[in-house]
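Residue numbers (our numbering): 1049 to 1122. Worksheet: the structure to be examined is printed underneath.
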Ligand SMILES: [Zn+2]
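So, in structure tokens, the structure goes:
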């Protein structure tokens, strides 16, 4: 039943999007909290990077940091 599978996938995506919308957006890499090199903000929005890993977009100035491996969420 491909229609039900599609619906399930859409619901799953929506839940994941909602979860990422409410996450605090703070991360730690190599034992140090991730900080925007431009504005020093410490909250980011996460999205997958097509080249692997994740992008973290600064919630204040929108600079994007690309991590080849996902940093730990705090
Ligand atoms: Zn910034």
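Using N, Cα and C, we set each Cβ at its ideal position, and we do this for glycine too.
**Report entry** Check whether residue 1093 and residue 1104 have beta carbons under 9 Å apart
**Finding:** Position 45 of the chain shown, counting from 1, holds the residue named residue 1093. Position 56 of the chain shown, counting from 1, holds the residue named residue 1104. Closer than 9 Å, so yes.
Query raised in the report: Do you know how far the Cα of residue 1073 is from the Cα of residue 1099?
Result: The residue given as residue 1099 occupies position 51 in the chain shown. The residue given as residue 1073 occupies position 25 in the chain shown. Here the alpha carbons of residue 1073 and residue 1099 stand approximately 22 Å from one another.
Query raised in the report: Is it true that the CB of residue 1116 sits closer than 9 Å to the CB of residue 1101?
Result: Numbered from 1 along the chain shown, position 53 holds the residue referred to as residue 1101. Numbered from 1 along the chain shown, position 68 holds the residue referred to as residue 1116. Cβ distance < 9 Å, so residue 1101 and residue 1116 count as in contact.
Query raised in the report: If you draw a straight line from the C-alpha of residue 1081 to the C-alpha of residue 1111, how long is it?
Result: Your numbering for residue 1081 matches position 33 in the chain shown. Your numbering for residue 1111 matches position 63 in the chain shown. Near 16 Å, if we compare the C-alpha coordinates of residue 1111 and residue 1081.
**Report entry** Collapsed DSSP secondary structure at residue 1135 in the structure displayed
**Finding:** Past the boundaries of the shown model lies residue 1135; the chain is included only from 1049 to 1122, so the question cannot be answered.
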